[in-house]
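Following this note's numbering, the numbering of the sequence shown begins with 597 at its first residue and continues without gaps. Scroll down for the structure; my scribbles are underneath it.
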Amino acid sequence: MKKKKGIKLNLKSLIANIRISRMKKKVETTVFNFPSALDNPKNILVCLPCSLRELTIVKEFLPIITEMFKNAKITLLPTPGIKVSDMYPRKGFIILSPTSDQLTWAGLPKKNYLTNLQSNKFDMILDLNFEESSFISGILLSFPDALRVGKGNHLGKSFYNLEIKTKFLRDERNIYRSIFDTLSVLKGNKAQTA
Numbered sequence: 597m598k599k600k601k602g603i604k605l606n607l608k609s610l611i612a613n614i615r616i617s618r619m620k621k622k623v624e625t626t627v628f629n630f631p632s633a634l635d636n637p638k639n640i641l642v643c644l645p646c647s648l649r650e651l652t653i654v655k656e657f658l659p660i661i662t663e664m665f666k667n668a669k670i671t672l673l674p675t676p677g678i679k680v681s682d683m684y685p686r687k688g689f690i691i692l693s694p695t696s697d698q699l700t701w702a703g704l705p706k707k708n709y710l711t712n713l714q715s716n717k718f719d720m721i722l723d724l725n726f727e728e729s730s731f732i733s734g735i736l737l738s739f740p741d742a743l744r745v746g747k748g749n750h751l752g753k754s755f756y757n758l759e760i761k762t763k764f765l766r767d768e769r770n771i772y773r774s775i776f777d778t779l780s781v782l783k784g785n786k787a788q789t790a
C-alpha cells in the first residue's frame, strides 16, 4: 500500500512539474524600475507559508507589512488545507483560503480559481514560503505583470522579479526580518522589524 501511495505522489509531482514548466515558457517577464516599483502598490497578495512554525513567525511581521504598504489592500493566501482564519487577524486583511475543489489533481490552482484571483488585479505578490509549492508556483506564474517578491535561492527568475537573499540559512525569524528590512530600505521606509 505504501508503495502505491509513493508512486501516486511521484506521479502528481511529475505532472505538476511538467505543467509548471509549460507555464514558465509562456511567461514574459515584466521589467520594473527599483526601488520606485515598490512605492505605491495598491493591491498586495501575500502567499503564506505552509508550516505552523513559519505561519506563527509571519504573523509577527504583519504589522510591518501594513506599515510598509499603508495605502495598499492586503490579501493573505494560505496554502490549501491550512486554516489560518483562527490564527490571523481579520482586521485590515482579506483572507482567501483555497479549498481542495479549487485545485487540480496534481495540486495546481484550477483555471477558474486563477481567473477569480486575477480579477483582484494584484500588482504585487509577496511569497513568504521557504518550501516549494506547486500551488504557489502556479499563482506566481499567473501574474506576469505583478511585482513578485520572494526569498533568494528559492524559485528563481521566472517566478520572481525581486529575489531577496539573506545571510541566514535556517533561522526563519531572521530570514523574514532580513526580507522586510531589505524591502524597507528599498522603499526608504523606517518600518521597524526589531
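For each residue, glycine too, the CB sits at the ideal point set by N, CA and C.
Cα-Cα separation between residue i and residue j, rounded to whole angstroms
i: Asn613; j: Lys669; result: 32 Å
i: Leu607; j: Gly703; result: 11 Å
i: Lys620; j: Val745; result: 16 Å
i: Ala790; j: Gly688; result: Because Ala790 sits at a pLDDT of 49, beneath the cut-off of 50, its placement in the model cannot be relied upon, and the following sentence gives the value as read from the coordinates. If you take the alpha carbons of Ala790 and Gly688, they lie about 22 Å apart.
i: Leu567; j: Cys643; result: Outside the displayed span of the chain (597 to 790) sits residue 567, for which this structure offers no information.
i: Lys786; j: Ser780; result: Note that Lys786 has pLDDT 48, beneath the 50 cutoff, so the model's placement of it is unreliable and the number below is only indicative. Going by the C-alpha atoms only, they are around 7 Å apart.
i: Met597; j: Leu724; result: With a pLDDT of 45 at Met597, under the threshold of 50, the predicted position of this residue should be treated as unreliable, and no value is reported.
i: Tyr772; j: Phe718; result: 22 Å
i: Glu663; j: Glu624; result: 31 Å
i: Asp697; j: Leu610; result: 20 Å
i: Ala633; j: Tyr709; result: 27 Å
i: Ile616; j: Trp701; result: 14 Å
i: Pro674; j: Gly784; result: 29 Å
i: Ser715; j: Glu759; result: 25 Å
i: Pro676; j: Ile732; result: 10 Å
i: Thr711; j: Leu699; result: 13 Å
i: Asp767; j: Asn667; result: 30 Å
Nearest residue (CA-CA) to residue i, options the options
i: Thr762; options: Leu737, Phe739, Phe726; result: Phe726
i: Leu713; options: Thr671, Asp767, Arg615, Ile616; result: Thr671
i: Ile775; options: Phe731, Val654, Leu699; result: Val654
i: Asn770; options: Glu656, Asn639, Ile732; result: Glu656
i: Arg618; options: Phe630, Ile678, Phe755, Leu641; result: Phe755
i: Pro694; options: Ile678, Pro685, Asp682; result: Ile678
According to DSSP, residues forming a beta bridge with residue i
i: Asn618; result: First, the amino acid is wrong: residue 618 is Arg here, not Asn. Answer is none; Arg618 lacks a bridge partner.
i: Val642; result: Leu672, Leu722
i: Leu743; result: Met720
i: Leu704; result: Its beta-bridge partners do not exist; DSSP assigns none.
i: Glu624; result: DSSP, once it has assigned bridges, lists no residue as partnering Glu624.
i: Leu699; result: Pro705
i: Leu758; result: Val745
With 16 other Cβ atoms within 10 Å as the buried cut-off, status of residue i
i: Leu765; result: exposed
i: Ile661; result: buried
i: Asn757; result: buried
i: Gly734; result: buried
i: Ile690; result: exposed
i: Asp777; result: buried
i: Leu648; result: exposed
i: Ser729; result: buried
i: Lys707; result: exposed
i: Phe630; result: exposed
i: Lys622; result: exposed
Cβ distance (whole Å) where residue i is taken to contact residue j below 8 Å
i: Leu736; j: Ile721; result: 6 Å
i: Pro637; j: Phe665; result: 6 Å
i: Val680; j: Leu651; result: 6 Å
i: Thr626; j: Pro705; result: The pair is not a contact, with the Cβ atoms about 20 Å apart (cut-off 8 Å).
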